[in-house]
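Structure record follows, encoded as C-alpha cells.
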Amino acid sequence: MMKTNWLLGAALSATALTFVASPVAAATKFEFWYGLSGDLSERVQEMCSRFNASQADYEIVCVSQENYENNLQNTIAAFRANKQPTVTQISDGGVVDLMLSGAFVPVRELMEKNGYQIDWSNYFSGISSYFSTSKGELLAMPFNSSTAMFYYNTDALKAVGFEGAPQTWEQVETIARDLKAAGYDCPIAFDPTGTWQWFEQFSAIHNQPIASNGNGYGGLDAVVEFNKGKFVDQLGWFKKMTDEGLMVHKSKAAGETANDAFTAGKCQMSSSSVADHGSFAKQAKEGVHWDVTVLPVWEGTERHNSLVGGAALWTLKGKTEEEYKGAAAFYNFIALPAEAQHWSTITGYIPVTNSGFEAMKAAGFYDAAPYKGRELAIQSLTATPPGEYTRGIRLGNFGAVRQEVAKAMQSVIFDGTDPQKALDDAAARSNEILRKFEQTYKGQQLP
Amino acid sequence: MIERSPFFDALTYAVMIIGLILVVIPFWVVIVAASQSLQEVSRVPISLLPSDQLWVNLSEAWARADLGPKMLNSFIVAIGVTIGKITLAAMSAFAIVFFSFKARMICFWLIFITLMLPLEVRIVPTYAIAANALLPFQVILDTFGISWLVQAVSGIQVSLNWNLLNSYTGLILPLVATATGTFLYRQFFMTIPDELAEASKMDGASAMEFFRDVLIPLSRTNMLALATIMFVGSWNQYLWPLLITTDRANFGTVVMQLKALIPAQNGTPDWNVTMAGALIIMLPPLLVVAFMQRWFVRGLISRDK
Amino acid sequence: MERRAVYRNKVLPWLLIGPQLLLVLVFFYWPTSQALYWAFTLEQPWGGGNLWAGLDNFLYIFRDDRYWGTVLRSGFYALAATGLSMLVALTLASFVDRALKGTKLFQSVFIWPYAIAAPAAGVAFRFIFSPEAGLVGAVNDIWPGIWDPATNGMHALAMVIVCHAWLGIGYNFVFFLAALQMIPRSINEAGAMDGARPFRRMFDLQLPLIAPTAFFLLIMNIISSFTDSFGLIDTMTEGGPIGQTEVMVYKIYVDGFKGLDYSGAAAQSIVLMLLVIGLTFVQFKWVERRVHYN
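Same order as they appear, the protein sequences are chains W, P and D. For the first sequence, the residue numbers in our numbering are 1067 to 1513. For the second sequence, the residue numbers in our numbering are 76 to 380. For the third sequence, the residue numbers in our numbering are 27 to 320.
Written out as C-alpha cells, the structure reads:
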C-alpha cells in the first residue's frame, strides 16, 4: 500500500520534472545580428545571400533585431548566456561599454591574423576616429555610415522667392517666416527627441564641446559641457521658433513622424540622416519636390565637420576559429569596391572609404537624381579634419546621457522650461551617469 | 427584484447599456478599423461603420508580423504553463493541506511569498539568472567537492549549464513558478470536510488514491477556472518573452509582435493593418474566456469562500 | 493551517511539494539573491566583474527626486486606475444583480476585457486616443491642441489609466457580482419591508456586506497596476512625454535594459519587491480573518 503511494508520488514528481532544455550547438555557420528594419533590413539580407553565394566555406546567418537598442540589449543577453553572434552591429551609443568590456576582437587583429590586406588609412578619418583607439587603430569594421542633413521642399522655397539651398540658420528663419505668411502650416518639422541631428551635429559643426577631455576621448573622468556653449542659445531658438509656429512638433507619439510629414509635403523643411535619402525618394508623395543640403550654420561661424552616424560591425569574443575566419571573409567581402558601391547605391549610406567615394564620383554617380545630393554628406563629414570636439563622442552609457538631453529638449518645448535650467539639470544628471560608469570600470583606461 | 419599480428598471437598463457601450467600444473600433482601407482609417475621426477590407488587412497583418509560427509558440507556451501550473499546484496544495510533516509551515510560507510577485516585478532578478539557471546547483556541487570527486573518479567534468534564452522551457518555467494556482487549490482543499478523507482512509485507500479518486474529480471547476486564468495570463505575457527571446523568428510569441505592427517611422501610417493584427492576437484568449465563462466564474469565486 | 492533518507519510509530501519548491527555489529565491548581489555591487552589462558598492545604489535612487516622482506616480496610477475600474464594475454588477430580463447577455460581455492582453488594449486605445488619428483626435479639429497626449504628460497618463481601468472591469465585475449574489435574499426583502427604496438598499445594505470582496479586489487591482502597466506604457507612450508616464516597473526596465544600469535596476527591483511583499502580508492577514469571520 505504502509502495503504491511512493511509486505514484515519485512518478508524478518525475513527470513533473521532465522539462529539460538542451543548449543547441553552433554549426559551421556564424551569425550576424543587426539593428535595421524594413527596407534597410531587406538590403542587408540580400547582401548576406550574396556573400553565401560567393563562396562555399562559410554561411552567414543574418538576424534583424529591429533597432540598435534592441540589438545591443539582445547581444548583451546572448553574450551573458554564451550564445552571442560572431558579428554584431553596434551604433555610437553602445560603443564605450563594449570597448571597456573587452568582449570583442579588434578588427585589425582579426583581418591581419587571417591574412587579409586592408588599407586602413583609406577609411574616412571622421568615420574611423569614432571606432578607433585614441591612437587611431580601428576596432570595428565600418559598415553603414551617415551624417545628418537638412532636407527642404524646393517648390515651397521657390514659392517664397528663395533660390537654392539655405546655408545659415538666419536664412532658415527668414524662409520659415515667409512660408508661414504665405499660408504653409508647417514650415519646419521638429522632433525634440531627435538629439542626434538637432544637438550633437549642431555642436560638432559649431565646434562646441559636448564633454571635456575632448568629448570623452581623454578619459573616463570627463564631464559634460553642453550646458555651457552655443547649444543653450540654440535650444532657446528652437523654443522661439516653435512658439511662433515656425517649427512644428512632429513625432511618432504625435501620430506623424517628421520624416512622414516631410515626404507627404505637409512640412517644408526637416533634418534627418542621409541614409533616408533613398527612402524619401521612394516615399515622397506625387508632386513633392525636395532636395538635400548640409546642416546650416549661424552666420559668421566657421563650419567644422559633422559627426558620423550609423554603426559599425563588431566581432565578439568567445567564438571558434572557424567562425572568426568566416567573419573575416565577410568583412573582406563587404569591403570589395563593387560590394561597397552597391551598398551605397541601394541605401542612402555613404561610401566609407576615400577611394570608394572617388570612384563613385568619377563614374558620375552623384551627377543626377536620384543620387544627387548624397555627396554633400561627405562634404559635411570632411569640412575640416576631425578636431578635438568633432572626431566623435566617447562617453560611457551615452544612450542614457542622450535620454537626459532629449528630456531637457522636450521640457523646454512642451513645458516652457528655461533652456539654461533644463540643460543644467540634464548636465547634472548626465555627470552622475558618467561617474557611475567610471566607478563601474574603476581603474580601466579607454583603449 | 423585490418590488415593481419601472423607473428603476429603466435606469437599470440604461446603466447596463452604457456599460455595454463602454466595454464594447474598443472591440468595435478594432474590428471596424481592421476592416477599413488606408484612406478610410486615416480619416479623423474614423467612421464607426465597418468596411470591406477585413480579409485583406488580416492577411497583410498575418504576413507582415509573421503570425503563423508566433501563434504556435504562444500556444505551446500557454498550454505548457497551464498544464504545468495545474499539476504542480494540485500536488503542492494537497501536501500542505492534508499532510503533517515537520517543515510544513516553512514550505507553506516559502511558496506563498511568491503569490503576489508576478514576473514583471521580478524581471531583473529573473533576467539575472537567465544566463545560467543551474548556477546554484553548480556552486553547491563545487563547494562540497562533489564535482571534483566525480571528475577524479570518472573523468567526467560536471558542468551544469542551463540557459533560458530562446527556449520553450525558458518561456514556460518562470511563469509556472508563482503560487497563484497553489493558493486557489489550497483554499478549495480547505473546504473539503475532514470526514471525506477519514472515510477514504477507513476504506483502506492510500493518500494518492484519495487524491486521484476524490479530490481531483471534486476540484474540476477549480481546475477549469485555473486553466482559463493561466491560459489567458500566459498568452498575454509581454515583458518576459521580450527580454528572453533573441531569436524572434523562431521563439517570438504573438503578443511581442504587436509593437512591430505599430506604424513605424518612414512607413505609411497603416493603422488598419495594425488593428487587424491586434484582432488576431486578441482572439484566442477571448474565445477561451467566452467559452469557459461558466466554470471560470464559478472557479474564481469559490476561492474566496 | 489549523485543520487536522489527515496523513502522516514521511516521504510522500516531499515528493508532492518537491517540484514546486524546486521551481520556486530556482526561479524566485536564487534570482532574488542574484539581484541582491547586483544591487550591492556595480554590475558591468557585458559581465566580466563586479565592484562592491555597499548601499550606494540604494542611496543613489533614494536621493533621486525623479525616483520619488515615479513612486508617487505609481501610487497615483494604482489608486486612480483601481478606483475607476472598481467603481464602474461595481455599478454594473449592482444593476446586473437585479436580474432583470436579458441581463445574462450583458453579463457575458462585461467579462471580455479580462481576456485582452495589455499591449493589445494599449495599441487599440492608442489609436482611439491619438491626437491626429482615430476617434478622440476629432476634438482637436474643434479646439486645436486641446487633447495632446504627445506633449502633455497629464493627458498621456490619463489615457493610460483609462485603458488600465477598462482592462480591469472584467475581473472586478465577476467578483462584485458573485459577492452581491451571495447576499441572502432575506436581507434585501427585510430591507424592502422596512420601506427602503432600491437605491437606499444598495448603499446601506449591500455595500457594507461586500466590503471584504472590495478589499480583496483593491489589493488585486493594485498588484495588477504593477504588471499590466508595463504592456500598456510600452505600447502607448514608452514612458513619455518627458518621462511623465514612467511608473516603477517601467523605470526599472528603462534604467536596466535601455540605460544598461543593471545595478540601479536591481536596487529598484528589491525595493519594489519588498513593497509588494508588504501588500501580500496585509492581504493575507485580512483573508485569514475573513475565513474565520464567515
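Every residue gets a Cβ at the ideal spot worked out from N, C-alpha and C, and that includes glycine.
Sub-8 Å separation of residue i and residue j beta-carbons
i	j	result
Thr321(P)	Ala1377(W)	no
Gly1139(W)	Trp1099(W)	At residue 1139(W) the sequence reads Gln, which differs from the Gly that was named. No, Cβ-Cβ distance for Gln1139(W) and Trp1099(W) is not below 8 Å.
Pro71(D)	Tyr288(D)	yes
Phe1209(W)	Leu1489(W)	no
Ile195(D)	Val275(D)	no
Leu301(P)	Leu47(D)	no
Asn247(D)	Thr117(D)	no
Ser1372(W)	Thr1213(W)	yes
Leu1447(W)	Val1358(W)	no
Ile392(P)	Ala146(D)	Not covered by the structure: residue 392(P). The range shown for chain P is 76 to 380.
Leu258(D)	Ser167(P)	no
Leu354(P)	Ala153(P)	no
Thr303(P)	Phe371(P)	yes
Gln368(P)	Lys145(P)	no
Trp1010(W)	Thr1456(W)	Past the boundaries of the shown model lies residue 1010(W); chain W is included only from 1067 to 1513, so the question cannot be answered.
Val251(P)	Leu318(P)	no
Ala206(P)	Ala1147(W)	yes
Proximity to residue i [Cα-Cα], best of the options
i	options	result
Ser309(P)	Val330(P), Thr296(P), Phe326(P)	Val330(P)
Trp1186(W)	Val1290(W), Met1335(W), Glu1203(W), Pro1172(W)	Glu1203(W)
Asp1257(W)	Lys1149(W), Pro1275(W), Thr1323(W)	Thr1323(W)
Pro139(D)	Phe286(P), Leu190(P), Leu246(P), Ile100(P)	Ile100(P)
Glu1135(W)	Gly1160(W), Gln1469(W), Lys1508(W)	Gly1160(W)
Pro200(P)	Glu158(D), Thr271(D), Leu51(D)	Leu51(D)
Ala1330(W)	Val1340(W), Ala1341(W), Lys1316(W)	Lys1316(W)
Tyr197(D)	Glu215(D), Ala184(D), Phe242(D), Leu161(D)	Phe242(D)
Leu142(P)	Val363(P), Ala365(P), Lys334(P), Leu361(P)	Lys334(P)
Val188(D)	Val98(P), Arg118(P), Leu259(P), Leu336(P)	Val98(P)
Phe229(D)	Ile303(D), Ala65(D), Phe121(D), Asp90(D)	Phe121(D)
Ser1345(W)	Trp1262(W), Pro1436(W), Gly1249(W)	Pro1436(W)
Val297(D)	Arg152(D), Leu77(D), Gly44(D), Leu85(D)	Leu85(D)
Neighbour-count burial assignment, residue i, 16 or more Cβ in a 10 Å radius
i	result
Leu1355(W)	Position check: residue 1355(W) holds His in this sequence, whereas Leu was assumed. Exposed, by the Cβ-count rule.
Ser1088(W)	Here the model assigns Ser1088(W) a pLDDT of 37, short of 50, so the residue's position is not dependable and the matter cannot be decided.
Gln1108(W)	The amino acid occupying residue 1108(W) in the given sequence is Glu; Gln does not appear at that position. Classification for Glu1108(W): exposed.
Gly1422(W)	buried
Ile181(P)	exposed
Ile1479(W)	buried
Trp1380(W)	buried
Asp345(P)	buried
Gly1392(W)	buried
Arg261(P)	buried
Asn341(P)	In this predicted model, Asn341(P) has a pLDDT of only 48, less than 50, meaning its place in the structure is not dependable; the value taken from the coordinates is given anyway. That one is buried.
Gly1509(W)	exposed
Phe16(D)	The shown model of chain D, from 27 to 320, leaves out residue 16(D), and the question about it has no answer.
Select from the stretch 1121-1132 of chain W all residues with a C-beta closer than 8 Å to any C-beta belonging to chain P, and list them in chain order. Val1129, Gln1131, Glu1132
Report the residues of the stretch 201-214 of chain D with a CB closer than 8 Å to any CB of chain W, ordered along the chain. none
Just list the alpha helix (DSSP H) runs in the stretch 1448-1503 of chain W, keeping only unbroken ones of 4 residues or longer that don't cross its boundaries, in chain order. 1464-1481
When Cβ atoms are compared, which residues of the stretch 185-198 of chain P fall closer than 9 Å to chain D? Leu185, Ile186, Phe187, Ile188, Thr189, Leu190, Met191, Leu192, Pro193, Leu194, Glu195, Val196, Arg197, Ile198
Mind pulling the alpha helix (DSSP H) runs of 4 or more residues that sit fully within the stretch 1116-1152 of chain W? 1134-1146
Taking any Cβ of chain D, which residues in the stretch 1265-1285 of chain W have a Cβ under 9 Å from it, in chain order? none
Mind listing, in chain order, the continuous alpha helix (DSSP H) runs of no fewer than 4 residues lying wholly within the stretch 268-300 of chain P? 269-277, 282-285
Taking Cβ-Cβ distances below 9 Å as the criterion, which residues of the stretch 107-125 of chain D are in contact with chain W? none
If contact means a Cβ-Cβ distance below 9 Å, which residues of the stretch 152-179 of chain D contact chain W? Ser156, Pro157, Glu158, Ala159, Gly160, Gly163, Asp174, Pro175, Ala176, Thr177, Asn178, Gly179
At a CB distance below 8 Å, what residues from the stretch 142-157 of chain P approach chain D? Give them in sequence order. none
Quick check for students: name the residue ranges of the alpha helix (DSSP H) that lie wholly in the stretch 1240-1300 of chain W, counting only runs of 4 or more. 1267-1271, 1278-1281
Output, in sequence order along the chain, the residues in the stretch 1457-1473 of chain W whose CB is closer than 8 Å to any CB in chain D. Asn1463, Gly1465, Ala1466, Gln1469, Lys1473
What beta strand (DSSP E) runs, 3 residues minimum, are completely inside the stretch 1356-1395 of chain W? 1356-1360, 1375-1382
So if I threshold CB-CB distances at 8 Å, which residues from the stretch 199-216 of chain P count as touching chain W? Tyr202, Ala205, Ala206, Asn207
By the 8 Å beta-carbon criterion, what residues does the stretch 1426-1440 of chain W contribute toward chain P? none
What are the residues of the stretch 57-89 of chain D that lie near chain W, defined by any Cβ-Cβ distance shorter than 7 Å? Leu68, Gln70, Pro71, Trp72, Gly73, Gly74, Leu77
Contacting positions in the stretch 1292-1317 of chain W - beta carbon closer than 8 Å to chain D: His1315, Ser1317
Which whole runs of the alpha helix (DSSP H) in the stretch 80-136 of chain P are 4 residues long or more, in chain order? 81-109, 113-117
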